[in-house]
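In the numbering used here, the protein residues as written are 155 to 412.
We treat Cβ as the ideally placed atom computed from N, Cα and C, and that holds for glycine.
Heads up, the thing below is written out as structure tokens.
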């Protein structure tokens with residue numbers, strides 16, 4: 155458990171709330187050391203957690219401030235975070251912009267995804283400014299409360315990963331919907347098509363938790379049967395190029411700002 159005071163602006167939104175609940179459940183932070191803010195200044199939170207309606211009051215009372223708001227809401231915040239470490243969970247807002255607008259001593263950009271709800275997010279993070287090894291370790295452990303995390307070497311990595319891991323379930327959901335739709339078009343009853351597609355995506359994801367993707371693909375291709383035929387068809391249509399263009403399109407949005 156840490157004795158740092160943490161404030162989460164937007165702490166009752168889906169992302170901020172999921173993070174706050176995980177930090178408390180895992181006893182990473184004491185309720186008395188956690189502050190959250192929202193417009194009403196009230197929320198159903200754990201006993202001891204302070205809920206504020208004034209963002210500046212939260213900043214003044216916190217050692218570390220987390221911005222868990224939509225990028226388009228950032229300009230309206232107008233907070234003074236001089237001397238603080240500011241952790242931004244927003245895509246498309248650069249560290250330099252955050253620093254200039256808030257005066258923060260250190261800016262950390264992190265990109266968790268919707269899997270924070272089940273503590274399975276992958277969170278890349280980047281630091282602009284100077285942190286001690288102890289402070290870096292604290293941040294790593296904070297992000298690990300909702301899944302896995304890595305500090306990345308430069309800010310461009312965050313912008314790219316905003317479109318890769320930051321999209322969370324979007325790509326698996328797209329694949330699941332496509333598989334179900336094609337099965338229905340082939341005459342499979344809708345209920346069965348949807349259950350089959352979901353089982354492929356969810357079950358396959360669980361298997362990949364303990365297997366290397368290339369090794370798994372090689373093993374499946376070795377049978378030279380139904381799976382190999384399906385995979386070869388997708389490979390022949392340059393699936394990697396399609397995925398690459400999709401991620402780059404998202405990354406470009408993040409790089410130029412939302």
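Identify whether residue i lies in helix, strand or coil by the three-state DSSP scheme.
| i | result |
| --- | --- |
| residue 305 | strand |
| residue 196 | coil |
| residue 285 | coil |
| residue 206 | strand |
| residue 331 | helix |
| residue 277 | strand |
| residue 262 | strand |
| residue 409 | helix |
| residue 325 | helix |
| residue 388 | helix |
| residue 339 | helix |
Would you please state the rounded distance, in angstroms, between the beta carbons of residue i and residue j? I believe it to be under 8 Å.
| i | j | result |
| --- | --- | --- |
| residue 277 | residue 264 | 5 Å |
| residue 260 | residue 243 | About 15 Å separates the two Cβ atoms, so there is no contact after all. |
| residue 200 | residue 190 | Not really, about 10 Å apart at Cβ, beyond 8 Å. |
| residue 320 | residue 269 | Rounded, the Cβ-Cβ distance is 11 Å, inconsistent with contact. |
| residue 256 | residue 233 | 6 Å |
Using DSSP bridges, identify the partner residues of residue i.
| i | result |
| --- | --- |
| residue 218 | 160 and 239 |
When you compare only the Cα positions, how much space is there between residue i and residue j?
| i | j | result |
| --- | --- | --- |
| residue 240 | residue 284 | 12 Å |
| residue 254 | residue 375 | 53 Å |
| residue 351 | residue 327 | 10 Å |
| residue 246 | residue 311 | 12 Å |
| residue 204 | residue 193 | 14 Å |
| residue 286 | residue 332 | 47 Å |
Would you say the beta carbon of residue i comes nearer than 7 Å to a heavy atom of the ligand COA?
| i | result |
| --- | --- |
| residue 350 | The ligand COA is not among the ligands present in this structure, which contains no ligands whatsoever. |
Taking the runs of the alpha helix (DSSP H) that are 4 residues or longer, which of them lie wholly in the segment 349-376?
-> Counting whole runs of 4 or more residues, the segment 349-376 contains the alpha helix (DSSP H) stretches 367-375.
Write down every uninterrupted run of the beta strand (DSSP E) in the segment 160-192 whose length is 3 residues or greater and which is fully enclosed by it, in chain order.
-> 160-163 and 188-191, all fully within the segment 160-192.
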